Every structure is written in C-alpha cells, then in structure tokens.
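Colleague: Below is a structure I'd like to ask you about.
Residue numbers (the numbering used here): 39 to 341.
Given below as structure tokens:
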C-alpha cells in the first residue's frame, strides 16, 4: 500500500539524516533537506500555479513554518543522540499531543475514552525510557518529545488553516517558506560538505519528496484513520535499518512501548473518525445546525 511505502521512505530519510549528523550540523542538514526537497517539488508548484497564494492569514503560515522548523531541528538533533529505533518509537507520540492541544487550545470536546488513550500512550513512553532515580537526564528523548509536541502544534495550525485555505495553499506556503527561513540558522554553523556528501543530500531531498507523494496519495485513497496504522510500520523498518546500517538492536521494552503508543494513537484516530461521522450525519439531518469542524488532519511530517 501507498501508506506502507511512505513509511519505508520516511524511515530511509530518517536514517540518512542520522548518518549525515556525523559530518554536518543538524541545522545545516535541515536546510539542505528543505532546499533539495523544494527543488524536486518545483514541477508540482509550477503546475499548481501561484494563484492559491492569495491569503489574509500569512502570519499563521509564518508561525506554522517557524514551529515546524523547530520540530524538524529538534528531531534531527535527537536522531544524532538516540538509538535509531528508540527515536522512531518515541516519535509516535505526535497524535497524543495533537489531541491534548485540540482540547486545551482549540477547546474541542475530547471525551474520556480519548483522554484515557492519550494517557496510555504516554505510559508507553515511560515503558521505553524506564526512568529511575539514578538515571541521567536523557537529552535525546527530551528532544524527541519536544519535537512531537511542536509537530502536534503545527497539526492544529494546519487544521485551523484548512477552515479557510485550500490544501494546495497550505502545502505551497510550507515548501516556499521553509527553505529561506532554515538557511538563517544554518549559516551560523556552516561547513561545506565533502563532494560525496552532496549526492547523499540530493538523495535525501528525493526520498523526502517520494515519501510525501506516497502519503498524499494514500490519504486520497482512504480515510486518515485507515491510513494511520500503516505509518507505524516505520518501527519495523527502523529496527531493520538500525540493525543493518548502525548495528543497533532495539530491546524488548522499546517494542512494547512502541506498541502501546501506536495502539493508543490508532484508537484516538478511530474515535475521531467516529465523532466526525456522527457530526456530519447530525449536520445533514439538521439544516439549521452549524457545519461540523473538520477532523484533525494527518500528522505533520517533521522529516
């Protein structure tokens, strides 16, 4: 399926980023990822045209880009510090933060079942980390959690933007703004890559573009709640890549924790889908009712 292919390509992308952190600063890797990703997206941008860029909400687009880049920076940095499969497992918490934000910031009604699933997901994080009084502060794990919280925030921003903006406009602004904005911090740590590294950087942009094409097509073919479970096959790919590329083997508790987080996120997506269907049905049978809010969009990619 397209969603499983997307999970594979995003796993390759994350592993490539992990590999590059041995030579380049994460801020610089983020810039090149955006630059070459933009290069491969240019044909789509020209085909879509720039007419969709007319907006009165540029400020929110700008904030979405800045917070998205902060999520990207912290994720790239975490990949350099954590075992690969563990970083991927912890990254599954993004939907949990999106659910919390929808309730606390957007004031959406989140019932007990979704709150319980969210709590269960964070218990999965504790299973992976197994913190103890003698444990040193795990900076890598903290960076992943911060990245996921920021990614959850951008998911809510996109949800708000989609109330008035087209999906083409949201994607176009993201692609156009991320490259120049990510250049500014990269200049402070700049070092020219080795000749062979340029091929890896270009390949990184290509893999990212293919992954985004696959996930976009998968959401066109099926509901988000049906696509989401396939995203968690990234854990399987991450374990295989971590073993073959980095000689790492995830322990049992990483698998258990990842399973708990994935199960809770899938359940949350299922409940949101049911809630959206019920709201749509009520709106259809009650002409005077307000149109239902759009469901939470697919989680934002930080890769």
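Heads up, the beta-carbon is just placed ideally off N, CA and C, and yes, glycines get one too.
The model shown is predicted, which means the values in this text are computed figures rather than measured ones.
Compute the Euclidean distance between the alpha carbons of residue 282 and residue 256, then round it to the nearest angstrom.
Modeller: One-based indexing of the chain shown puts residue 282 at position 244. One-based indexing of the chain shown puts residue 256 at position 218. If you take the alpha carbons of residue 282 and residue 256, they lie about 28 Å apart.
Colleague: Just the C-alpha distance for residue 331 and residue 102, rounded to the nearest angstrom, thanks.
Modeller: As a working mapping, residue 331 is identified with position 293 in the chain shown. As a working mapping, residue 102 is identified with position 64 in the chain shown. Confidence in residue 331 is poor, its pLDDT being 45 and thus under 50, which makes the residue's placement unreliable; the coordinate value appears in the next sentence. Distance between the alpha carbons of residue 331 and residue 102: 20 Å.
Colleague: Give a yes or no on whether the C-beta atoms belonging to residue 276 and residue 130 are separated by under 8 Å.
Modeller: Sequence index remark: in the chain shown, residue 276 carries index 238 (1-based). Sequence index remark: in the chain shown, residue 130 carries index 92 (1-based). Not closer than 8 Å, so no.
Colleague: Quick one, are the C-beta atoms of residue 127 and residue 183 less than 8 Å apart?
Modeller: Here residue 127 refers to the residue found at position 89 of the chain shown. Here residue 183 refers to the residue found at position 145 of the chain shown. No, they are not a contact pair.
Colleague: Mind pulling the alpha helix (DSSP H) runs of 4 or more residues that sit fully within the region 145–171?
Modeller: DSSP runs (the alpha helix (DSSP H)) wholly in the region 145–171: 150–167.
Colleague: Would you mind stating whether residue 55 and residue 114 have Cβ atoms separated by less than 8 Å?
Modeller: Residue 55 sits at position 17 when you count from the first residue of the chain shown. Residue 114 sits at position 76 when you count from the first residue of the chain shown. Yes.
Colleague: If residue 107 and residue 181 are in contact, beta carbons under 8 Å, what's the gap, nearest whole angstrom?
Modeller: Position 69 of the chain shown holds residue 107. Position 143 of the chain shown holds residue 181. Contact doesn't hold; Cβ gap of about 14 Å is too wide.
Colleague: Tell me which residue opens and which closes the alpha helix (DSSP H) that residue 233 is part of.
Modeller: Numbered from its first residue, the chain shown carries residue 233 at position 195. That run of the alpha helix (DSSP H) goes 233–259.
Colleague: Within 10 angstroms of its Cβ, does residue 217 collect 16 or more other Cβ (buried), or is it exposed?
Modeller: The residue given as residue 217 occupies position 179 in the chain shown. Buried, by the Cβ-count rule.
Colleague: For residue 53, tell me which candidate among 202, 245, 263, 203 has the shortest Cα-Cα distance.
Modeller: Your numbering for residue 53 matches position 15 in the chain shown. Minimum Cα distance to residue 53 is reached at 245.
Colleague: Looking at residue 76: is its Cβ nearer than 8 Å to the Cβ of residue 231?
Modeller: On the chain shown, residue 76 is found 38 positions in, with the first residue counted as 1. On the chain shown, residue 231 is found 193 positions in, with the first residue counted as 1. In this structure, residue 231 does not lie closer than 8 Å to residue 76 by Cβ.
Colleague: In terms of residue numbering, what span does the alpha helix (DSSP H) encompassing residue 268 cover?
Modeller: Here residue 268 corresponds to residue number 230 of the chain shown, with the count starting at 1. Its alpha helix (DSSP H) spans residues 262–269.
Colleague: Pick from 192, 243, 125: whose alpha carbon is nearest that of residue 288?
Modeller: By 1-based counting over the chain shown, the position of residue 288 is 250. Here the closest residue by C-alpha is 125.
Colleague: Taking C-beta to C-beta, are residue 117 and residue 224 nearer than 8 Å?
Modeller: Residue 117 sits at position 79 when you count from the first residue of the chain shown. Residue 224 sits at position 186 when you count from the first residue of the chain shown. Going by C-beta atoms, residue 117 is not nearer than 8 Å to residue 224.
Colleague: Hey, residue 159 and residue 302 are a contact pair by Cβ (cut 8 Å); roughly how many whole angstroms apart?
Modeller: Residue numbering aside, residue 159 sits at position 121 when the chain shown is read from its first letter. Residue numbering aside, residue 302 sits at position 264 when the chain shown is read from its first letter. Contact holds; Cβ gap of about 4 Å.
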